[in-house]
Amino acid sequence: MTEQGHKGVIRSLGELPRGVEPGRDLWPQIEAQIAGRAPAAPAVTAPVSRAASGTRLRWLAAAAMVGCVAVGVWIGHSVPLGGAAAPPLAAGHPGAGALQTAWVADPRYQREHAELMRSLGDQVAALPPASRAKVMASLTTIREAKHNLEEALGKDPGNSLLQELLVNTYQDEMRVLTDVREASDAGKGI
Amino acid sequence: MTLAQVESSRIDWEGALVERARAGDTRAFERLYREHAGRVYGLCLRMTREPHLAEDCTQETFINAWRALAQFETRSSLGTWLHRIAVNVTLGKRRKAGREEPLPESEIEEEGFEPHWTFETPVEVQEIEDAIGALPAGARDALVLHALYGYSHTEAAQMLGLAEGTCKAQLHRARKLLRERLNVEVG
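Protein sequences, first through last, are from chains A and B. The first sequence begins at 535 in the numbering used here and counts up by one. The second sequence begins at 8 in the numbering used here and counts up by one.
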């Protein structure tokens with residue numbers, strides 16, 4: 535245990551630090567092991583226990599993701615993130631949040647988002663009523679999550695978790711918009 | 008913002024990250040790893056006393072956690088869940104290495120009171136860590152889970168796969184040995 539090198543004196547065992555940083559970053563090897571392997575039986579659509587229900591924001595963030603996945607499944611194909619729509623993000627290190635939120639203001643993102651929004655109206659209008667309702671419901675959930683996350687960030691601007699979830703929500707929105715456009719371009723008649 | 012609010016906020020966002028990780032988002036899982044790795048590694052290191060083995064156990068803990076995320080109930084604590092996995096992984100490795108040691112019959116004497124594990128006089132942190140590291144594995148496991156990580160006798164016993172009485176006996180043994188090694192009364 536000498537590697538910990540703790541200093542000072544304590545009067546009870548409860549004062550000992552519980553956390554000890556490993557001598558090296560273990561994440562790369564963990565990531566290599568889990569890459570390409572989704573968790574067994576992902577519970578994306580499973581109801582989450584109400585007993586753990588916390589703030590509304592948490593559910594909105596989760597709902598945004600569920601809405602996005604639902605649209606992806608419904609369209610029947612997945613669209614990899616890439617290009618201006620979703621530039622690669624920094625790894626989720628604490629403190630990387632500011633870097634992550636920076637790309638939201640990236641002119642490429644803004645351009646692509648505006649373009650998708652312009653064409654969305656026509657594409658959605660051409661959808662069958664049931665499909666249109668699904669897309670609009672997903673987008674509404676995602677936008678509500680964005681709004682609430684932005685509001686929460688206004689009160690706690692340094693919160694890297696909030697920043698990361700906001701960026702993820704932007705990605706979710708772009709994924710839905712891109713899915714709708716690509717399905718429309720492919721003439722899938724969604 | 009009070010500490011309780013900060014903690015509550017952290018747990019709330021942790022739930023959202025768990026949801027994302029369940030959907031296959033490795034970045035969300037990395038966030039969870041960064042949040043919990045220190046405490047998981049600290050537990051593994053104190054149980055194994057070997058940094059490299061503790062690193063292996065920590066990695067395996069998070070890999071197993073990823074695979075079993077669907078089974079995690081979000082109403083319970085992710086930290087506790089990870090600790091349970093870490094204890095299982097560590098005990099499994101110890102079993103494979105044949106390092107199991109039974110509690111000597113002569114030392115089966117239960118803790119008769121709720122231990123606070125306070126010292127009569129202040130003790131150097133490193134001295135204490137060394138003394139914990141020198142304890143027999145069974146006594147060390149019980150002490151680490153109960154006195155350091157705050158798990159109840161019942162929780163610690165469940166995590167270690169022991170009867171509660173045996174766990175208390177291990178704690179009694181740990182207290183006795185610590186008292187001898189540190190030459191200080193442990194109350």
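Don't be surprised by glycine CBs; every beta carbon is placed ideally from N, CA and C. Please read all numbers here as calculations on a predicted model, not as lab measurements.
Below-8 Å beta-carbon distance, residue i vs any chain A residue
i	result
residue 87(B)	no
residue 44(B)	yes
residue 143(B)	no
residue 70(B)	yes
residue 135(B)	yes
residue 132(B)	yes
residue 178(B)	no
residue 173(B)	no
residue 23(B)	yes
residue 27(B)	yes
residue 38(B)	yes
residue 162(B)	no
residue 66(B)	yes
residue 158(B)	no
Cβ neighbours of residue i in the same chain (closer than 6 Å, five flanking residues each side left out)
i	result
residue 53(B)	151
residue 164(B)	171, 174
residue 583(A)	For residue 583(A), the pLDDT reaches just 36, beneath the cut-off of 50, and the residue's location in the model is therefore unreliable, leaving the point undetermined.
residue 38(B)	24
residue 104(B)	none
Beta bridge counterpart(s) of residue i as assigned by DSSP
i	result
residue 69(B)	According to DSSP, which records beta bridges pairwise, residue 69(B) is partnered with nothing at all.
residue 544(A)	130(B)
residue 125(B)	546(A)
residue 193(B)	126(B)
Selected residue, minimal CA-CA separation from residue i, among the options
i	options	result
residue 156(B)	542(A), 551(A), 643(A)	551(A)
residue 160(B)	179(B), 142(B), 128(B)	179(B)
residue 673(A)	685(A), 662(A), 655(A)	655(A)
residue 58(B)	554(A), 646(A), 709(A)	554(A)
residue 669(A)	559(A), 711(A), 562(A)	711(A)
residue 168(B)	34(B), 148(B), 182(B)	148(B)
residue 42(B)	91(B), 86(B), 76(B), 63(B)	86(B)
residue 162(B)	28(B), 94(B), 139(B)	94(B)
residue 88(B)	44(B), 103(B), 140(B)	44(B)
residue 32(B)	573(A), 719(A), 566(A)	573(A)
residue 76(B)	25(B), 103(B), 91(B)	25(B)
residue 193(B)	36(B), 154(B), 158(B)	154(B)
residue 649(A)	701(A), 708(A), 680(A), 682(A)	708(A)
residue 718(A)	565(A), 657(A), 696(A)	657(A)
residue 702(A)	677(A), 562(A), 569(A)	677(A)
residue 142(B)	183(B), 105(B), 158(B)	183(B)
Cutoff 8 Å: residue i Cβ touching any chain B Cβ
i	result
residue 698(A)	yes
residue 548(A)	yes
residue 710(A)	no
residue 552(A)	yes
residue 658(A)	no
residue 676(A)	no
residue 649(A)	no
residue 569(A)	yes
Own chain residues within Cβ distance below 8 Å of residue i, not counting five before or after
i	result
residue 659(A)	666
residue 40(B)	69
residue 73(B)	28, 36
Residues near residue i by beta carbon distance below 7 Å, same chain, minus five either side
i	result
residue 61(B)	48, 51, 52, 55
residue 64(B)	51, 55, 93, 96, 97, 100
CB contact below 8 Å: residue i versus chain C
i	result
residue 683(A)	Going by chain labels, chain C is absent from the structure shown, which instead holds the protein chains A and B.
The stretch 83-103 of chain B contacting the stretch 173-186 of chain B, beta-carbon criterion three pairs below 8 Å: no
Any 3 or more C-beta pairs closer than 8 Å across the stretch 544-564 of chain A and the stretch 124-144 of chain B: yes
Three-pair Cβ contact test at 8 Å for the stretch 64-78 of chain B versus the stretch 38-52 of chain B: yes
Any 3 or more C-beta pairs closer than 8 Å across the stretch 134-146 of chain B and the stretch 182-190 of chain B: yes
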